[in-house]
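Here my numbering is used: the first residue of the sequence shown is 2, the next is one more, and so on.
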Amino acid sequence: MKFTLRFYALGTPIKGNNYKIYLRYYTSGTSLNLPTKYTMTKEQVKMVNKGELGGALQDGLDEVKMDLRQAIIKYQIKTNALPSPIHLKEYYNVAENILPIEWYVNEYLKQLTTKRSSKVVYGSHLKQFKQYYNSNLFKLPIKSVIHKITVENYGVWLQKKNEFQHKSISRLQVYNMKGTAQRLLNFIADKLDQPQIPFYLKQPTLNDHYTPNAEEFEKIVNVSVETKAQKRVQDMTYINGFWGLRINELLSIRKQNITFNGDHLSVRFTDFKNNRSRDVVLMDTRAIKTVRHYMTTKGDYLNRMDDTFFNRNLREITKLALKDKATFIYNAKAEDDLKHIIADVITSHSIRRFAVIRNIELYGIDVARTFSGHKNYEIVVRHYAKDFLDKQVALKKLRRGY
């Protein structure tokens, strides 16, 4: 049984008259096109196949063909038969000189079981890593790239790239992008039967954010406001104090999704992040009265507004309610608590955090995350409940001592 190996320019031109180059394995009426990391014109491909091109391109492609030929012969010796295209792909789809980084990235993304929005984020991260790889690691055997040093150098490259472009990138962004790169490299390691890189990255300490306490929240939602815009925002702030919705959800409530049921009302949401439906309920008399008022206004939405408009008016209301009251917020860069006027740092997310924490205290984590739309239990614990739960454990132990 015989086989042939021949280069082909396939697809549409990538740049000018250059095509992506594939090495075709042909045997017994079947074939397999394996992508290489090279691009050239169709005329150049003809010359390569004849051995007439010369130079670095000829040498590089000859080496690719030789490596694949050796793999085929090794398979033949091992099994006493030539590999079928399917078997060859399984046997040699990890060949470092054949498959470009794009192949690994695509295969890695295909096997992810995360939600679509997370895949989009990982795809964006890996687009940056491909750029780094193609600029710095292209000529290295991919086995030698599976190393902690690659991840660290990638992090440095990200920071320098953003500095050069006069952009800022946070330590958390760098951490997340390095983590994605390491998971990709470990995926490649599995394909190559190589040891994985132990996951050594530690999430950096983050900046803290302002969250109103109960007294501050009550002042914000009860202060006499000066404009109709402020009144609209104050009303929605009061309502969200019971729910902890994302701002886009809060400002996109459709009247048709609101149902009044005796002592309570319910609102159906299609979760913005997880593409699933959920119902939240409201029993507070003032909040229900407020919703009934906005049900009589024009339009399909309860109280439609832009989030920038919301946050600007929220800061104005907070200024009226709390004056120049300040708070200390931890700053990771300064590694210290920095003083801020509350009216300068409050956002819609401050109200969301207040509501989630209050609901955890009153009704438990499951109710709180149902209202707020958090799918992941651990995220709620980590970002909202941990301090509260730690305090409850401490109080319980202390009370036993009295």
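Positions of the beta carbon are idealized from the N, C-alpha and C atoms, including for glycine.
Restricted to the segment 255 to 334, the beta strand (DSSP E) segments that are unbroken, complete and at least 3 residues in length are 259 to 262, 265 to 271, 278 to 283 and 327 to 332, listed in chain order.
Under the DSSP assignment, Tyr-155 falls in the alpha helix (DSSP H) whose first and last residues are 149 to 165. If you draw a 10 Å sphere on the C-beta of Ala-182, you find 16 or more other C-beta atoms in it, and that means buried. Annotated three-state conformation of Asp-194 is coil, per DSSP.
Within the DSSP secondary-structure output, Asp-60 pairs in no beta bridge. If the five residues before and after Phe-200 are omitted, its C-beta is found closer than 7 Å to the C-beta atoms of Gln-183, all from its own chain and listed in chain order. In the three-state reduction of the DSSP assignment, His-210 falls in the coil class, being assigned neither a helical nor a strand state. The alpha carbon of Ser-171 has as its nearest neighbour, out of Asp-345, Gly-52, Leu-6 and Lys-334, the alpha carbon of Lys-334. Under the three-state reduction of DSSP, Thr-80 is assigned to helix. Contact holds between the segment 341 to 360 and the segment 324 to 331, because three or more Cβ pairs, one in each stretch, are under 8 Å apart. Under the three-state reduction of DSSP, Met-2 is assigned to coil, being neither helix nor strand.
According to the DSSP assignment, Thr-238 belongs to no beta strand (DSSP E) but to the alpha helix (DSSP H) extending over 229 to 244.
Exclusion of the five residues before and after Glu-317 leaves Gln-231 as the residues of its chain whose Cβ lies within less than 7 Å of its Cβ. Annotation: the continuous alpha helix (DSSP H) that includes Arg-359 extends over 349 to 364.
For the pair Leu-321 and Val-224, the CB atoms are nearer than the 8 Å cut-off.
In the DSSP annotation of this structure, Lys-116 is not part of any beta strand (DSSP E), being labelled neither H nor E. Distance from the CA atom of Asn-360 to the CA atom of Thr-291, rounded to whole angstroms, is 21 Å.
The residue from Gln-235, Lys-299 and Met-41 with its alpha-carbon nearest to that of Phe-310 is Gln-235. One Cα belongs to Pro-14, the other to Lys-21, and the distance between them is close to 7 Å. The C-beta separation of Ile-347 from Thr-319 comes to about 5 Å, placing the pair in contact by the 8 Å criterion. Here Met-178 is near Leu-159, since their CB atoms are less than 8 Å apart.
With distances taken between CA atoms, Met-306 lies nearest to Arg-233 out of Val-281, Arg-233 and Arg-293. Between Asn-241 and Ala-356, the C-beta gap is smaller than 8 Å, which places the two residues in contact. Taken through DSSP and simplified to helix, strand or coil, Pro-86 comes out as helix.
By the neighbour-count criterion, in which a residue is buried when 16 or more other Cβ atoms sit within 10 angstroms of its Cβ, Thr-238 is buried. Taken in chain order, the complete beta strand (DSSP E) segments of 3 or more residues contained in the segment 2 to 74 are 5 to 16, 19 to 28 and 31 to 41. Residue pairing by DSSP places Lys-340 opposite Phe-329 in a beta bridge.
Remark: C-beta atoms of Ser-349 and Asp-308 approach each other more closely than 8 Å. Across the structure, Ser-278 and Tyr-211 are spaced so that their CA atoms are roughly 30 Å apart.
For Leu-251, the enclosing alpha helix (DSSP H) stretches over residues 248 to 251.
Per DSSP, the continuous alpha helix (DSSP H) segment holding Ile-143 begins and ends at 143 to 146. For Phe-218, the uninterrupted alpha helix (DSSP H) run begins and ends at 215 to 223, by DSSP.
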